[in-house]
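Residue 17 is where the sequence shown starts when you use my numbering, and the numbers rise one by one after that.
All residues carry an ideal CB built from backbone N, CA and C; glycine is no exception.
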Amino acid sequence: MSSVFCSLLCTYECSSATYSIKYQTCTTFKEKFYNPSITWTKNEDWYILYRDEPIQYGDWTLVFRAQSGIDVSFYTLWETIGYHDDLPLSSDFPIGCYRMDNMERCSRHFRGSVLDDWRNINQ
């Protein structure tokens, strides 16, 4: 079993997966890794595999998230075309910054790839 094979197991109904090189094991999940009902703990034997898709909560898409108290300008990030925190998703990025419930720590702003292709707003 490889991480590539594990990612192939994560098809349409799969939203995230974990893979262990040490145990040669793949586990797929229907829930998205940033869902508030899921709590992840880091383990050096396991890696989270992500789907390349925008962060979504129901009908809402996370496009930008400014975090207070970090002394970094959110405006500079807002204006930085080509910079994305969601394509690809990364386990190096704080999971709390992908979430909207503030249940986990976030120490960065989030800029989604949707901003670069935004043509109009459907209201």
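query	result
Beta-bridge partners of W142, as assigned by DSSP	Examination of residue 142 is not possible in this model, given that the chain is present from 17 through 139 alone.
Distance between R67 and H125 (C-alpha atoms, nearest Å)	21 Å
Delimiting residues of the alpha helix (DSSP H) encompassing T57	Segment: none, T57 is in no alpha helix (DSSP H) and carries neither H nor E.
Extent of the continuous alpha helix (DSSP H) to which M91 belongs	Correcting the residue identity first, residue 91 is Tyr in this sequence and not Met. That run of the alpha helix (DSSP H) goes F90 to W94.
Endpoints, alpha helix (DSSP H) assigned at C22	S19 to L25
Endpoints, beta strand (DSSP E) assigned at C42	T41 to F45
I86, DSSP secondary structure in three states	coil
Buried or exposed by the 16-neighbour rule on C-beta atoms within 10 Å, applied to Y50	buried
Neighbourhood of L131 by C-beta distance below 7 Å, restricted to the same chain and skipping five residues each side	V79 and F80
Three-way DSSP call (helix, strand, coil) for S106 in this model	coil
Close beta carbons around R10, own chain, < 6 Å, minus the five adjacent residues each side	Outside the modelled stretch of the chain, which goes from 17 to 139, sits residue 10, for which no answer is possible.
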